[in-house]
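One structure is given below, encoded as structure tokens.
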Amino acid sequence: MGLLDDILARFEALPKETQEQIKKDAIEATKGRYFIPNPGPQTDCLQSLADETFFGGSAGGGKSALLCGTAVDDFDRSIIFRREYPQIKGLEDEVAGLIGGRQGYNSQDKLWRLPNGNILEFGSVPHESDVEKYQGRPHALKGFDEITHFSEAMYRFLIGWNRSTTPGQRSRVIATGNPPVTPEGYWVVKYWAPWLDPKHPNPAKPGELRWFTTINGEDVECEGPDQVEVNGRMVQPRSRTFIPAKLEDNPDLMATGYASVLEAMPEELRIRLRDGRFDAEVKDNEFQAFPTEWIKAAQARWTPTRPEGVGMSVLSNDVALGGGDANTLAARYGHWYDEVKSETLKGKVDPLDLAAKVVATMRDGAEIVIDMGGGYGSGVYSHLKNNVQGLTLHAHNGAEKSSKRTRDGKLKFANKRAEVHWKFREALEPNLGEPVALPPDPELAADLAAVTWKLTPRGILIEEKTDIKKRLGRSPDKGDAVINAWSYGESSVSARIRTASSRSRNGGPKVNLGHASMKSRRRA
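Numbering (UniProt numbering), first residue to last: 1 to 524.
Rendered as structure tokens:
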């Protein structure tokens with residue numbers, strides 16, 4: 001028996017006089033409202049005090065109805081986003097059904113002046129740059145229908161103007177959606193990790209509030225709603241919650257037999273749309289460079305401590321010079337990778353400072369790889385080459401030609417980028433590869449799973465990083481840094497693995513402080 005069936009059974013067991021009084025009270029309490037939520041998750045979502053609520057799960061759980069209903073009734077100015085413009089029609093129909101027509105709607109501007117005086121707008125952002133159309137435009141409610149269709153960067157940008165100047169008007173964000181069916185949508189599992197990540201060390205209950213802030217580009221959970229100090233200033237954390245939606249909690253749709261439609265779907269869709277499972281595996285793209293199972297196997301081999309007696313083999317730097325991208329360092333010890341260090345940088349960044357981070361991070365005479373793609377790494381490479389003695393330094397340029405072939409010798413590579421990606425694929429391949437151990441980082445897994453390949457007359461060609469960035473909504477820096485770290489230095493476990501003591505026998509790198517100091521004086 002569902003929750004609604006249980007409530008109805010208890011109601012019908014009451015005396016007739018009591019039933020009539022409850023009906024009168026209900027009519028009075030909902031007077032003037034266009035939308036009445038069903039008992040259970042819809043009501044819980046409507047009444048949640050979270051700044052950001054994810055109402056997600058099974059198809060048919062009443063998610064879009066809740067989003068439209070609260071926008072119509074509870075907010076003086078709101079906007080609901082869909083990723084693609086044609087998808088807005090379903091929301092238009094939902095609102096028309098609530099208010100009994102399309103009076104007050106400007107279909108060209110997608111702006112609805114509602115009978116109660118509230119204003120509802122619909123928006124779409126097919127491309128990353130489209131978010132700029134909504135910059136600086138405040139709305140008390142920022143709604144997202146099918147949140148997994150958006151990138152994380154889109155979501156974070158658009159909620160930046162979630163505010164109202166109307167006295168007494170609450171501001172909030174509501175996102176709705178089903179579990180993701182592509183790697184690009186898996187950012188929601190990390191964003192609402194206490195509720196959706198089965199491996200989270202401190203899981204949260206449905207509807208429970210947790211508070212978060214951002215420090216150096218990374219989400220950090222706070223102990224509560226009190227202000228915290230971040231880089232010398234006080235910051236107010238924002239609360240999040242997740243409320244699971246189920247088809248059984250939507251009696252109107254259950255009565256139509258929609259459950260049988262979900263039951264007939266292929267298994268990979270059924271477990272998401274019927275069961276609302278966020279832990280379900282995403283079916284791999286036919287041309288996915290790194291199969292998900294291989295990535296999972298490599299992460300399952302990882303241990304928090306590196307293999308005993310193994311020194312750092314390679315330190316790879318995927319360089320970012322600001323602009324919100326992440327400067328990323330991946331260290332490999334034989335077949336074992338340390339946790340990837342990624343720091344989002346804003347403003348202008350001095351390559352000399354990034355070069356210093358490389359020197360401070362490297363150990364045991366490790367070889368250093370600087371990604372030169374886009375020219376961003378040239379300054380870091382130059383500083384290391386000119387100012388630090390005793391380094392084994394590699395400038396990785398993915399656009400260069402490759403003379404190597406696949407392990408079986410049958411296929412060539414279109415460029416160096418294809419070569420290093422495919423060699424890492426071969427390292428991950430079960431039975432034939434190496435026991436690569438990758439840290440259990442969801443973002444790293446998503447970076448690797450997002451990469452696709454194709455066969456061209458020039459040989460194997462890997463998807464361009466700019467195209468992956470468009471789909472992920474961020475740059476796959478962790479994946480690139482890890483791949484580059486495999487492609488230089490000791491390339492397999494069977495190769496020599498030098499111990500930390502033997503690698504440091506001749507001492508560490510020698511920094512030319514005089515040269516760096518002169519550069520520092522010239523900048524002053």
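Quick reminder that beta carbons are idealized off the backbone N, C-alpha and C, glycines included.
As the structure is a computational prediction, the values presented were derived from the model and not from experiment.
In the DSSP assignment, the beta strand (DSSP E) including residue i goes from what residue to what residue?
i: A175; result: 172 to 177
i: L329; result: 326 to 333
i: N317; result: 314 to 318
i: I368; result: 367 to 371
i: E229; result: 228 to 230
i: D219; result: 218 to 222
i: R233; result: 233 to 235
i: K142; result: 141 to 145
i: A459; result: It should be noted that the sequence gives Gly, not Ala, for residue 459. Looking at the DSSP string, the run of the beta strand (DSSP E) that includes G459 is 459 to 462.
Under three-state DSSP, which class holds residue i?
i: E421; result: Note that residue 421 is His in the sequence shown, not Glu. Correct three-state label for H421: helix.
i: V125; result: coil
i: N106; result: strand
i: W486; result: helix
i: V393; result: It should be pointed out that residue 393 corresponds to Leu in this sequence rather than to Val. Strand, per DSSP.
i: T165; result: coil
i: P442; result: helix
i: S494; result: With a pLDDT of 38 at S494, under the threshold of 50, the modelled position of this residue cannot be trusted, and the question is left open.
i: V181; result: coil
i: S502; result: Note that S502 scores a pLDDT of 44, beneath 50, so its modelled location is shaky; the value from the coordinates is reported in the next line. In this structure, S502 counts as helix in the three-state DSSP scheme.
i: G57; result: strand
i: P244; result: strand
i: K416; result: helix
i: T214; result: strand
i: R113; result: strand
i: L120; result: strand
i: S239; result: strand
i: R405; result: strand
i: E12; result: helix
Apart from the five residues on each side of it in sequence, which residues of its chain come closer than 7 Å, Cβ to Cβ, to residue i?
i: H421; result: A289, V451, I462, I483
i: A449; result: P183, Q288, F290, T292, I295
i: K385; result: L393
i: R113; result: G104, I119
i: L98; result: Y34, F35, C68, G69, V72
i: I7; result: P39
i: K454; result: F287, L461
How would you write the range of the alpha helix (DSSP H) that residue i sits in, first residue to last?
i: I88; result: 88 to 99
i: L384; result: 378 to 387
i: T456; result: Unbroken run through T456 is the beta strand (DSSP E), 453 to 456; no alpha helix (DSSP H).
i: S78; result: Taken as a continuous stretch (DSSP letters only), S78 belongs to no alpha helix (DSSP H), being part of the beta strand (DSSP E) at 77 to 82.
i: D197; result: Counting along the chain, D197 falls outside any alpha helix (DSSP H), and DSSP gives it neither H nor E.
i: R471; result: 465 to 472
i: W294; result: 292 to 300
i: K63; result: 63 to 74
i: D44; result: 41 to 47
i: P203; result: Per DSSP, P203 belongs to no alpha helix (DSSP H) and is neither H nor E.
i: F150; result: That residue, F150, is in no alpha helix (DSSP H); it is neither H nor E in DSSP.
Cutting at 6 Å between CB atoms, please list the residues of its own chain near residue i, excluding the five before and the five after it.
i: L352; result: H383
i: L111; result: E121
i: D477; result: D318, A326, T328
i: T499; result: With a pLDDT of 44 at T499, under the threshold of 50, the modelled position of this residue cannot be trusted; read the value that follows with caution. The answer, listed in chain order, is G309, G311.
i: S502; result: Confidence is the limiting factor: at S502 the pLDDT is only 44, short of 50, which leaves the residue's position unreliable, though a coordinate-based value still follows. Nothing listed; no residue qualifies.
Under the DSSP definition of a beta bridge, which residues are partnered with residue i?
i: S342; result: T328
i: R137; result: DSSP, once it has assigned bridges, lists no residue as partnering R137.
i: E337; result: Inspection of the sequence shows that residue 337 is occupied by Tyr rather than by Glu. DSSP output for Y337 lists R332 as bridge partner(s).
i: Q288; result: T452
Using a Cβ-Cβ cut-off of 8 Å (strictly less than) and excluding sequence neighbours within five positions of residue i, which residues of its own chain qualify?
i: Y85; result: S124, P126
i: R238; result: D51, E52, W211, F212, T213
i: R102; result: E92, A96
i: A140; result: F75, D76, R77, S78, N162, R163, S164, T166, Q169, R170, S171, R172
Inset, instruction - Count the C-beta pairs between the stretch 191 to 201 and the stretch 75 to 82 that are closer than 8 Å, then say yes if the count reaches three, no if not. - result: no
Inset, instruction - Spell out a yes or no on whether the stretch 126 to 136 and the stretch 157 to 171 are touching, meaning 3 or more CB-CB pairs, one atom from each, closer than 8 Å. - result: yes
Inset, instruction - For the stretch 218 to 238 and the stretch 30 to 49, state whether three or more C-beta atom pairs, one from each stretch, are separated by less than 8 Å. - result: no
Inset, instruction - State whether the stretch 466 to 477 contacts the stretch 344 to 358, with contact taken as three or more CB pairs (one from each stretch) at a distance under 8 Å. - result: no
Inset, instruction - Examine the Cβ distances between the stretch 428 to 448 and the stretch 166 to 178 and report whether three or more of them are shorter than 8 Å. - result: no
Legend entry - the stretch 437 to 449 / the stretch 400 to 420 touching (three or more Cβ pairs under 8 Å): no
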